[in-house]
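Enquirer: Once you've had a glance at the structure underneath, I'll fire off some questions.
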Amino acid sequence: MKVSYNWIKEFIQIDNYTPEQIAGILQSIGFEIEEISVPFNIPDLVISTKIEEISKHPNADKLVLCRVIDDQKVYSIVCGAKNIKAGDVVPLALPGSVMPNGLEIKLSSIRGENSDGMLCSSKELNINQDHAGIMILPPDTPLGKSLNSLYDLKDVVFDIAVSPNRPDCLSVMGIARELSAKLAINLRTPELYVPRKTMDDHIPVEIQNDELCSRYIASYISNVSVKESPNRIKFRLISHGLRPINNIVDITNYVLLEIGHPLHAFDIEKMSDSKIVVRKANQDEKVTALNGIEYKLKSDMLVIADSKSAQAIAGVIGAEKSGVTEITKNIILESALFNSSSIRSTRNALNVSTDASYRFERGCSWDNSEMAYKRAIYLILEVAQGNFVSSHDVYSKENKNKKMFLRTSQVNKVLGTSYEKKDIVDILQRLQMRIEPQDDNLSVEVPSFRIDVNEEIDLIEDVARIKGYDTVPATLRISSLQENLEIEPVIEVQRKVQMFMSGQGIYEALNYSFYKNDLSAIISEDNMLIEIDNPLSKDTQYLRPSLLPSLLSNLNHNLNNQITDIKLYEFGKTYNFRKTSNKVSEEYSLALILKGNIESTQWNVKVKPIDFYYVSGLVQELLAKVFNLTDFREITNENTESYYDKTVSAVIHAKNGEAIASFGLLDSNYLKDIEQNIYYAEINLEQLLKAKSQNKEFVQFSTMPTSKRDLSVLAPEELNYSLIAEEISKLNSNDISVSSRLFDIYKGDKIHKDMKSLSFTLYFNHKSKTMTDDEINNKVTHLLDRLGKHGITLRTT
């Protein structure tokens, strides 16, 4: 955002600070300066003069001789422009001037006639690209004055990066307010017109959807004289990258830059009536905008209409048919508050971005909506000689500023400082906050334009910014051991997870914690979505209850880009509100999403597709290597989350019985239009860290050889292999270790329809000797006896 140094000076007295110093101060309070530029660079020797006489050049048909005067001298100028006449006030570049394009002006003789300088066009002065003729100044312009002094053109423009949460600083006044707080300089307010509240000839205003438009101020101004703007307004707009159009439109843009609130002017005579209706567009309703482009609207878009048709796409761009032109006499001036998410959605859908939509998307305020229209009326009456008739202010509810408590002790505790209470109060008051001291606490009323201030820590940040981060001691804040214990395991786990996933060729995804309202498939009956009060858009309206939607979106993006072998994971927070406990939980989770082949396709490697057993092994290896957790149970076909295929999914329980992970094939009904055969796994890190034993016991590694036995058993179809694995684990003793690996599941004609065959390998290891066949056979017999109690028998055919 561009902000002029000279314009800032109209709000605060900073003559003692150079532009470079102001840039440094802005950076110190959190505003990055991307560029400092000189908008015009007009020489001081370009002065205002008046043409007294024009005569033909004796030796050139296309040239004329101009006799021009300033307040003291007479000049003879040779000129070829066709748009000048006697009596015009024009800029004259005197000898010694170096023009913005590098041309040096000298005394010269042109076709035998002396020329004492050069009359200048707007292009030659680097004001705009108009080189059709000489720039004509207003007839009442004082003569003999440099253009720089007449129009305050010796200026510097800061290009400031304003963060999305600070829309209050998208204006000259907003930046000046921050500087006034930092420098302890009083902030001046611009001249405003304060209208009488009259209902005579007022404009009817109907707001049909107060969620999308919470306030609409319509002001009726008659008998305006639409013409070119005064140079002081034109030059300000040009220096800030805007093109002057006419005085009414220019004033709305001028106030946009100055106050930060968008305005729009309608020509009443071009509307079917003077009624203003704020409504949703009709499906496929068409509007030809001021840029000449016809837009087809959707029914969720907001428009400003008269009784018959849309006259503007609300908060984005006006309609061409009601635009203000030189023949306009009566106008309606709009100042409104529109829903930021709605404006963002409309702007994205129509692919049209304007200075107005940029500000509405970030959030406009009650206070500025009022100040902006009063400022615009003041300028319109001054510049366009209109008559104010009335204003009609319609809103759904009165504005109520946020109020919160700030503990001065907490300020110093968080910052490690010892600021005086009066210093804290002074800073907040300079930021236009109302303060009521209450012992150690301060009751703070936050102005409506500070939409970023929502809790105590935001106020503490403001104190630190304005007081100066250099006043905050560079010492570590001493915290309790318990605080460190809560965060350090998560950081360490994240580091280990990253190393493990990197070794497996699985890429990390980083997503926002916000999501849109299409999460019904992953919400249990006991859970409610947590809605955000002030979302960036409809697509970021809720805190995510699971990592699945974001990862699925990442996967779909890759599929759309012809990437078919996809392995992604995310380490992040999920948010749930449990109805039964009436509590909000904020938990760390780890999730993986996988599709395609285990390894990328290569000519010399046999392709192996990702399947349930690969995912199962991956999750178990993750638990073992990252969390040192091997004592758990895997239960297949358990009643897992609704987005899993019930026949190809599993839940892993820790020894304490808590479910710590789930994985499996995503259900085709949940995937809808996305490609199938997608595997997903999610690990609840909170439960996992609770289940993980903190006591590590060293066991000497056995150097004895391992013996193997392959078994095939017949088991009821509904039985899970985890039950067999649990019985196998009971064969372990102090001297003998027994483990297993499932390598085949068979269902078919060779066995009973209600049964399945499970084939697995048993691994036997004694810590001090090689086991004999009799010892191994005894263990196998003991296992089969225990399995028999569950209806499991040895398969013999």
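Whatever position you read off the sequence shown (first residue = 1), add 1492 for this note's numbering.
Yeah, the Cβ is synthetic: ideal placement off N, Cα and C, and Gly gets one too.
1. Do you know offhand how far residue 2056's Cα is from residue 2088's?
2. Buried or exposed: residue 2156, going by 16 or more other Cβ atoms within 10 Å of its Cβ?
3. Where in the stretch 1862-1912 do unbroken runs of the beta strand (DSSP E), each at least 3 residues long, occur, reported from the N-terminal end onward?
4. Where does residue 2208 fall in DSSP's three states?
5. Using a threshold of 8 Å, state whether the C-beta atoms of residue 1797 and residue 1771 are closer than that.
6. Provide the residue(s) that pair with residue 2202 in DSSP beta bridges, ordered along the chain.
7. Are the stretch 1575-1586 and the stretch 1539-1554 touching by the rule of at least three beta carbon pairs closer than 8 Å?
8. In whole angstroms, what is the alpha-carbon distance linking residue 2002 and residue 2275?
9. Return the Cβ separation of residue 1780 and residue 1726 in integer angstroms, given the expectation that the two are a contact with Cβ distance under 8 Å.
10. Taking only three categories from DSSP, how would you classify residue 1803?
11. Cα-Cα, which of 1682, 1536, 1934, 1640 is closest to residue 1503?
12. Between which two residues does the alpha helix (DSSP H) containing residue 1513 stretch?
13. On the DSSP bridge assignment, give the partners of residue 1794 in chain order.
14. Can you name, in chain order, every residue of its own chain whose Cβ lies under 8 Å from the Cβ of residue 2246, other than the five neighbours on each side?
15. Tell me which same chain residues have a C-beta within less than 6 Å of the C-beta of residue 1617, skipping the five on either side of it?
16. How about residue 1875 and residue 1687: do their beta carbons lie closer than 8 Å?
17. Can the beta-carbon of residue 1607 be found closer than 8 Å to that of residue 1638?
18. Below 7 Å, is the gap between the Cβ of residue 1535 and the nearest heavy atom of the ligand PLP?
19. State yes or no: is the C-beta of residue 2279 within less than 8 Å of the C-beta of residue 2230?
20. May I have a chain-ordered list of the alpha helix (DSSP H) segments no shorter than 4 residues that lie completely inside the stretch 1574-1657?
21. Comparing alpha-carbon positions, which option in 1521, 1529, 1523, 1522 lies nearest residue 1511?
22. Quick one: using the 10 Å Cβ neighbour count with 16 as the cut-off for buried, is residue 1941 buried or exposed?
23. Compare the Cα-Cα distances from residue 1564 to each of 2235, 1757, 1579, 1635 and report the closest residue.
24. Looking at the secondary structure, which residues open and close the beta strand (DSSP E) in which residue 2155 lies?
25. To the nearest angstrom, report how far apart residue 1701 and residue 1838 are at their CA atoms.
26. Could you give the DSSP three-state label for residue 1810: helix, strand or coil?
27. Who are the near neighbours of residue 1934 in its chain, counting only those whose CB is closer than 6 Å to its CB and skipping five residues on each side?
28. Which residue's Cα is closest to the Cα of residue 1907: 1960, 1861, 1858, 1947?
29. What would DSSP say about residue 1946, mapped onto helix, strand or coil?
30. How about residue 1706: is its C-beta nearer than 8 Å to some C-beta of chain B?
31. Below 8 Å between beta carbons: does that hold for residue 1752 and residue 1660?
32. Are at least three pairs of beta-carbons, each pair with one atom in the stretch 1714-1721 and one in the stretch 1827-1844, less than 8 Å apart?
33. Rounded to a whole number of angstroms, what is the C-alpha to C-alpha distance between residue 1769 and residue 1698?
34. Going by DSSP, which residues form a beta bridge with residue 1538?
35. Which residues in the same chain have their Cβ closer than 7 Å to the Cβ of residue 2160, if we skip the five residues on either side of it in sequence?
36. Which two residues bound the contiguous alpha helix (DSSP H) that contains residue 1680?
Expert: Taking the structure as given:
1. Counting from 1 along the sequence shown, the entry for residue 2056 is found at position 564. Counting from 1 along the sequence shown, the entry for residue 2088 is found at position 596. Residue 2056 and residue 2088: Cα-Cα distance of roughly 6 Å.
2. Counted from its first residue, the sequence shown places residue 2156 at position 664. By the neighbour-count rule (16 or more Cβ atoms within 10 Å), residue 2156 is buried.
3. 1879-1887, 1894-1899
4. Position 716 of the sequence shown holds residue 2208. In the structure shown, residue 2208 sits in a strand (DSSP, three-state: E or B).
5. Counting from 1 along the sequence shown, the entry for residue 1797 is found at position 305. Counting from 1 along the sequence shown, the entry for residue 1771 is found at position 279. Yes, Cβ-Cβ distance for residue 1797 and residue 1771 is below 8 Å.
6. For this step, residue 2202 is matched to residue 710 along the sequence shown. DSSP, once it has assigned bridges, lists 2253 as partnering residue 2202.
7. yes
8. Numbered from its first residue, the sequence shown carries residue 2002 at position 510. Numbered from its first residue, the sequence shown carries residue 2275 at position 783. Their backbone Cα atoms lie some 47 Å apart in a straight line.
9. Indexing the sequence shown from 1 puts residue 1780 at position 288. Indexing the sequence shown from 1 puts residue 1726 at position 234. No, residue 1780 and residue 1726 are not in contact; Cβ-Cβ is about 27 Å, not under 8 Å.
10. Position 311 of the sequence shown, counted from the first residue, corresponds to residue 1803. Here residue 1803 sits in strand by DSSP.
11. Numbered from its first residue, the sequence shown carries residue 1503 at position 11. Measuring from the Cα of residue 1503, the nearest candidate turns out to be 1682.
12. One-based indexing of the sequence shown puts residue 1513 at position 21. Per DSSP, residue 1513 belongs to the alpha helix (DSSP H) from 1511-1520.
13. Locating residue 1794 in the sequence shown gives position 302, counting from the first residue. Note: residue 1794 sits in a beta bridge opposite 1772.
14. As a first step, residue 2246 must be located in the sequence shown, where it is residue number 754. Contacts found: 2208, 2209.
15. Numbered from its first residue, the sequence shown carries residue 1617 at position 125. The residues are 1534.
16. Locating residue 1875 in the sequence shown gives position 383, where the first residue counts as 1. Locating residue 1687 in the sequence shown gives position 195, where the first residue counts as 1. The answer is no: Cβ separation not under 8 Å.
17. In the sequence shown, the residue the question calls residue 1607 occupies position 115. In the sequence shown, the residue the question calls residue 1638 occupies position 146. No, the Cβ-Cβ distance between residue 1607 and residue 1638 is not below 8 Å.
18. Looking at this structure, you won't find the ligand PLP or any other ligand, since it has none at all.
19. Looking up residue 2279 in the sequence shown gives position 787. Looking up residue 2230 in the sequence shown gives position 738. Contact flag unset, no.
20. 1639-1643
21. In the sequence shown, the residue the question calls residue 1511 occupies position 19. Comparing Cα-Cα distances from residue 1511 to each of 1521, 1529, 1523, 1522, the minimum goes to 1529.
22. Here residue 1941 refers to the residue found at position 449 when the sequence shown is read from its first residue. Answer is buried; the Cβ neighbour count reaches 16.
23. Position 72 of the sequence shown, counted from the first residue, corresponds to residue 1564. Considering only alpha carbons, the answer is 1635.
24. Taking the first residue of the sequence shown as position 1, residue 2155 is located at position 663. Residues 2151-2158.
25. Stepping through the sequence shown from its first residue, residue 1701 is reached at position 209. Stepping through the sequence shown from its first residue, residue 1838 is reached at position 346. The alpha-carbon atoms of residue 1701 and residue 1838 are separated by roughly 16 Å.
26. As a position in the sequence shown, residue 1810 is number 318, starting the count at 1. Strand, per DSSP.
27. Within the sequence shown, the letter at position 442 stands for residue 1934. The answer, listed in chain order, is 1898, 1927.
28. In the sequence shown, residue 1907 corresponds to position 415, counting from 1. That would be 1960, whose Cα lies nearest to the Cα of residue 1907.
29. Locating residue 1946 in the sequence shown gives position 454, counting from the first residue. The answer is coil: DSSP assigns residue 1946 none of H, G, I, E or B.
30. Of the protein chains in this structure there is only one, and it is not chain B.
31. Taking the first residue of the sequence shown as 1, we reach residue 1752 at position 260. Taking the first residue of the sequence shown as 1, we reach residue 1660 at position 168. Taking 8 Å as the Cβ cut-off, residue 1752 and residue 1660 qualify as a contacting pair.
32. no
33. For the purposes of this step, residue 1769 is taken as residue 277 along the sequence shown, with counting starting at 1. For the purposes of this step, residue 1698 is taken as residue 206 along the sequence shown, with counting starting at 1. Rounded to the nearest angstrom, the two C-alpha atoms are 5 Å apart.
34. In the sequence shown, the residue the question calls residue 1538 occupies position 46. Partner(s): 1585.
35. Working through the sequence shown from its first residue, we reach residue 2160 at position 668. Cβ neighbours of residue 2160 beyond the five flanking positions: 2168.
36. Here the question's residue 1680 lines up with position 188 in the sequence shown. Residue 1680 -> no alpha helix (DSSP H), and no H or E assigned at all.
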